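Under full-length UniProt numbering, the residues of the sequence shown are numbered 1 to 180, in order.
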Amino acid sequence: MGDIWTGEKLRLRGVEPEDWRHFRELARDLDGVRAAGLVEPPRSDESFRAWTAERAGRAPGGEAFRLVVEDLADGGFAGAVTVGEVDRRAGRFRMGVEIGRAHRRRGYGREAVSLLLGYMFREERFHKCEVEVYAFNEASLALFRRVGFVEEGRLRQHEFVAGVHHDVVVLGITAPEHVG
Numbered sequence: 001m002g003d004i005w006t007g008e009k010l011r012l013r014g015v016e017p018e019d020w021r022h023f024r025e026l027a028r029d030l031d032g033v034r035a036a037g038l039v040e041p042p043r044s045d046e047s048f049r050a051w052t053a054e055r056a057g058r059a060p061g062g063e064a065f066r067l068v069v070e071d072l073a074d075g076g077f078a079g080a081v082t083v084g085e086v087d088r089r090a091g092r093f094r095m096g097v098e099i100g101r102a103h104r105r106r107g108y109g110r111e112a113v114s115l116l117l118g119y120m121f122r123e124e125r126f127h128k129c130e131v132e133v134y135a136f137n138e139a140s141l142a143l144f145r146r147v148g149f150v151e152e153g154r155l156r157q158h159e160f161v162a163g164v165h166h167d168v169v170v171l172g173i174t175a176p177e178h179v180g
């Protein structure tokens with residue numbers, strides 16, 4: 001029974017107020033935010049400070065939460081994972097992951113997703129996790145498939161991103177598929 005929040009490369013931890021600069025950098029990465037469909041007008045530094053401070057002040061857990069992905073090698077900010085759209089009656093939740101450019105394609109996303117799934121399945125007793133990924137986001141599709149997610153469907157021309165309607169791929173994984 002080791003530390004469920006720490007893997008080989010990273011640790012999942014709560015959001016701290018000083019993380020605001022890192023969240024600002026994630027928001028400024030147009031390729032990353034476009035892949036998640038989150039393109040917004042530019043925000044002020046004060047808005048990022050307030051947003052991050054509010055999240056840092058929230059009680060842990062709950063129906064929706066965000067954790068920071070921290071690089072064990074240098075203690076740096078590598079990204080974040082989120083849980084949302086929780087349905088406790090059905091035992092389902094949705095999750096998301098965003099990894100900073102410097103940490104992409106190095107196993108941080110896979111390890112962060114696996115740690116979060118372990119917590120949600122083993123400690124919170126959920127049965128299933130679902131994700132929605134734009135069909136053009138090949139890196140995220142590959143990540144979730146490597147962790148064990150299975151494609152369950154496709155929502156055709158479902159979202160409008162960068163001037164074009166795109167398909168959304170729905171993937172899922174159950175606790176027995178993840179835990180063994």
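For glycine and all other residues, C-beta sits at the position ideal for the given N, C-alpha and C. Please read these numbers as outputs of a predicted model, since none were measured by experiment.
Residues sharing a beta bridge with glycine 153, DSSP: Val170
Sequence-distant residues of the same chain with beta carbon closer than 6 Å to threonine 82, five excluded per side: Arg66 and Gly96
Neighbourhood of valine 179 by C-beta, 8 Å cutoff - its chain only, sequence neighbours within 5 removed: Gly118, Phe121 and Arg122
Neighbourhood of alanine 73 by C-beta distance below 8 Å, restricted to the same chain and skipping five residues each side: Lys9
The stretch 88 to 95 / the stretch 48 to 60 touching (three or more Cβ pairs under 8 Å): no
Reduced DSSP secondary structure (H/G/I, E/B, other) of phenylalanine 23: helix
Three-pair Cβ contact test at 8 Å for the stretch 14 to 32 versus the stretch 40 to 57: yes
Cα-Cα separation, alanine 27 to valine 33: 6 Å
8 Å Cβ shell around valine 150 - same chain, five flanking residues per side excluded: Leu171, Gly172, Ile173 and Glu177
Bounding residues of the beta strand (DSSP E) (the contiguous stretch that carries glutamate 130): 128 to 134
Inter-residue spacing [alpha-carbon to alpha-carbon] between glycine 79 and tryptophan 51: 16 Å
Run of the beta strand (DSSP E) containing glycine 107, from where it starts to where it stops: Neither: glycine 107 is in no beta strand (DSSP E) and is coded neither H nor E.
Beta carbon of alanine 64 nearer than 9 Å to that of glutamate 85: yes
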